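Since the structure comes first, as structure tokens, the remarks are kept for the end.
Numbering (the working numbering), first residue to last: 1 to 402.
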């Protein structure tokens with residue numbers, strides 16, 4: 001029921017009791033219409049504190065002469081506060097919000113005193129009343145909705161120092177990238193001035209250059225959504241000099257404090273070095289481990305000449321678990337699902353594998369704490385000059401669309 005249509009009647013015996021209580025309170029304390037109405041609205045099954053307060057004062061012929069004992073007229077002067085909040089949000093796109101408040105302890109103490117002294121239970125606190133009124137006024141002015149669970153914007157108005165803080169809900173996205181050139185690292189070096197925390201020198205991005213996969217993804221999102229920082233979760237990684245081809249490498253990214261939320265993402269973003277495709281907004285990053293397989297092409301060189309039979313032993317890798325020894329008493333295990341090889345010279349060959357994600361490729365080739373390994377199987381000292389990714393598949397069925 002809208003407040004303007006709400007008919008407030010104080011005629012029955014119970015309501016007369018509340019009126020008698022209100023008179024006792026107002027005889028001792030000067031309260032605003034909001035606060036005196038708040039003390040009895042829930043008990044009377046009413047929602048408008050203001051209208052009930054006005055009705056009570058009219059029936060008691062009471063006129064306030066001082067500022068409200070509890071809220072010091074904060075509730076009567078919220079329009080200016082709401083205007084401040086609206087001004088703070090003027091650069092942001094949003095459809096939902098929530099508002100919080102920080103009050104002086106003395107306001108809370110006075111409210112507690114009244115409720116305790118007159119044995120008033122089960123009523124809204126003054127802080128709740130203030131935040132509710134701010135939210136209702138702000139929703140009406142901006143034609144947006146209150147959302148306590150996943151608001152686009154979260155405001156906190158501090159009545160102690162008359163300031164307003166705003167936090168935009170993080171945008172979470174998933175996508176894939178294709179890396180078309182060698183020499184481009186996956187991760188970006190943090191800003192040397194702030195070590196990645198964000199400062200004026202790096203425009204609060206935490207990175208000052210965009211010379212990596214991370215940098216290029218971040219730059220795109222900063223331009224489209226006007227956020228401050230990105231936090232990227234990689235599905236595997238590659239060497240600086242590796243290529244990522246085929247369907248590309250999946251990734252998740254959190255964009256902090258975005259000012260825009262409604263940008264329609266194209267299916268593909270292309271520049272001379274990378275392609276970003278299948279980029280879309282998702283509700284959350286999966287918490288469970290993400291299993292994936294990689295199809296990789298390795299270029300391997302040996303110290304000694306290869307004969308025609310040296311490479312045949314590599315076929316056994318399909319049936320053999322690959323054990324990776326990381327630290328004392330810690331080991332990891334991967335599986336290889338497909339192998340193919342081709343001798344390219346007397347001391348080199350190409351090797352194609354489809355393997356569980358997370359296999360350290362160069363260590364696997366050279367035999368550094370991995371059993372079995374390529375050097376061991378062909379009985380030659382090996383070196384992996386380069387390796388490129390041709391396909392990366394997510395095993396998790398619920399992530400197949402990424």
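Just so you know, even glycine gets a beta-carbon here, dropped at the ideal spot from N, CA and C.
Since we're looking at a predicted model, the values are computed, not measured.
7 Å CB neighbourhood of residue i in its chain, flanking five on each side removed
i: residue 197; result: 206
i: residue 331; result: 323, 324, 325
i: residue 125; result: 111
i: residue 284; result: 172
i: residue 54; result: 33
i: residue 265; result: 279, 280
i: residue 411; result: Summary: the structure shown does not reach residue 411, with the chain confined to residues 1 through 402, and so no result is reported for it.
Rounded C-alpha distance that separates residue i from residue j
i: residue 1; j: residue 150; result: The predicted model places residue 1 with a pLDDT of 30, which falls under 50 and marks its position as unreliable; any figure quoted below should be read in that light. Each residue's alpha carbon lies about 26 Å from the other.
i: residue 229; j: residue 305; result: 51 Å
i: residue 41; j: residue 138; result: 22 Å
i: residue 168; j: residue 317; result: 50 Å
i: residue 61; j: residue 282; result: 58 Å
i: residue 384; j: residue 302; result: 9 Å
i: residue 386; j: residue 375; result: 16 Å
i: residue 358; j: residue 338; result: 16 Å
i: residue 174; j: residue 402; result: 7 Å
i: residue 5; j: residue 132; result: Note on residue 5: pLDDT 38, under 50, position unreliable in the model; no value is reported.
i: residue 255; j: residue 84; result: 26 Å
i: residue 3; j: residue 276; result: Below a pLDDT of 50, predicted positions are generally treated as unreliable, and residue 3, at 35, falls in that range; no measurement from the model is reported.
i: residue 288; j: residue 398; result: 11 Å
i: residue 73; j: residue 58; result: 19 Å
i: residue 82; j: residue 134; result: 6 Å
i: residue 308; j: residue 227; result: 57 Å
i: residue 141; j: residue 261; result: 20 Å
i: residue 63; j: residue 123; result: 24 Å
i: residue 222; j: residue 66; result: 51 Å
i: residue 367; j: residue 263; result: 48 Å
i: residue 165; j: residue 204; result: 17 Å
i: residue 354; j: residue 315; result: 12 Å
i: residue 152; j: residue 343; result: 57 Å
i: residue 136; j: residue 79; result: 11 Å
i: residue 231; j: residue 251; result: 11 Å
i: residue 224; j: residue 68; result: 48 Å
i: residue 89; j: residue 192; result: 31 Å
i: residue 345; j: residue 380; result: 15 Å
i: residue 101; j: residue 108; result: 12 Å
i: residue 21; j: residue 257; result: 48 Å
i: residue 161; j: residue 27; result: 32 Å
Beta-carbon proximity list for residue i, same chain, < 8 Å, skipping 5 on both sides
i: residue 209; result: 188, 189, 215
i: residue 361; result: 239, 296, 298, 384, 387
i: residue 163; result: 157
Contacting residues, own chain, Cβ-Cβ under 6 Å from residue i (five flanking each side not counted)
i: residue 91; result: 259
i: residue 432; result: Lying before the first or after the last residue shown, residue 432 is absent from the chain, which here runs from 1 to 402.
i: residue 310; result: 378
i: residue 352; result: 297, 340
i: residue 154; result: 98, 167
i: residue 364; result: 370, 373
i: residue 336; result: 317, 318, 353, 355
i: residue 348; result: 301
C-beta contact flag for residue i and residue j at 8 Å
i: residue 245; j: residue 390; result: yes
i: residue 235; j: residue 290; result: yes
i: residue 181; j: residue 273; result: yes
i: residue 300; j: residue 194; result: no
i: residue 293; j: residue 393; result: yes
i: residue 120; j: residue 39; result: yes
i: residue 146; j: residue 98; result: yes
i: residue 30; j: residue 50; result: no
i: residue 176; j: residue 248; result: yes
i: residue 118; j: residue 25; result: yes
i: residue 409; j: residue 213; result: No answer is possible for residue 409: the residues shown for the chain start at 1 and end at 402.
i: residue 94; j: residue 144; result: yes
i: residue 15; j: residue 44; result: yes
i: residue 334; j: residue 356; result: yes
i: residue 114; j: residue 70; result: yes
i: residue 270; j: residue 217; result: no
Residues bridged to residue i (per DSSP)
i: residue 339; result: 353
i: residue 299; result: 350, 386
i: residue 132; result: DSSP, once it has assigned bridges, lists no residue as partnering residue 132.
i: residue 294; result: 355, 392
i: residue 252; result: 174, 233
i: residue 345; result: 348
i: residue 371; result: 323
C-beta neighbour in chain B for residue i, strict 8 Å
i: residue 122; result: Looking at the structure shown, chain B is missing, and only one protein chain is on hand.
> Taking only runs of the beta strand (DSSP E) that begin and end inside the region 164-249, which ones reach a length of at least 3 residues, in chain order?
Replying inline: 171-179, 229-234
> Where in the region 68-124 do unbroken runs of the alpha helix (DSSP H), each at least 4 residues long, occur, reported from the N-terminal end onward?
Replying inline: 78-88, 105-117
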